[in-house]
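Be aware that the sequence shown starts at 0, since it is given in numbering that gives the first Met the number 0, and climbs by one per residue.
Take a look at the structure below.
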Amino acid sequence: MALRYSLNLDKEADNLDKAVKKVLDDGLRTKDILSKDTKEVSTEAMGNAIIACLQK
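What follows is the structure in structure tokens.
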């Protein structure tokens with residue numbers, strides 16, 4: 000939200016939203032949002048997965 004509303008970086012915010020969606024669609028979850036048929040990963044691993052998507 001900060002990217003979009005405080006910094007007016009809409010393109011970057013869209014890219015981040017897409018990366019988060021991709022990681023979630025791939026089934027990765029931190030413990031607080033873990034559900035059936037998903038893979039638990041650490042917060043660090045979740046962040047790294049999102050960064051990897053952004054770098055593609």
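Glycine is no exception: its CB is placed at the ideal position from the N, C-alpha and C atoms.
Cβ separation of valine 40 and arginine 28, assumed to be a contact under 8 Å, to the nearest whole Å: If you number the sequence shown from 1, residue 40 lands on position 41. If you number the sequence shown from 1, residue 28 lands on position 29. Right, the Cβ-Cβ distance comes to about 7 Å (below 8 Å), so this counts as a contact.
Segment limits, alpha helix (DSSP H) that includes aspartate 36: Here residue 36 refers to the residue found at position 37 of the sequence shown. No alpha helix (DSSP H) contains aspartate 36, which DSSP labels as neither H nor E.
Length of the line joining the Cα atoms of methionine 45 and alanine 12: Within the sequence shown, the letter at position 46 stands for residue 45. Within the sequence shown, the letter at position 13 stands for residue 12. Roughly 18 Å between the two C-alpha positions.
Beta-carbon gap between valine 22 and alanine 1 smaller than 7 Å: Indexing the sequence shown from 1 puts residue 22 at position 23. Indexing the sequence shown from 1 puts residue 1 at position 2. Contact flag unset, no.
Cβ-Cβ distance between threonine 42 and glycine 26 below 7 Å: Residue mapping note: residue 42 aligns to position 43 of the sequence shown, counting from 1. Residue mapping note: residue 26 aligns to position 27 of the sequence shown, counting from 1. Cβ distance not < 7 Å, so threonine 42 and glycine 26 don't count as in contact.
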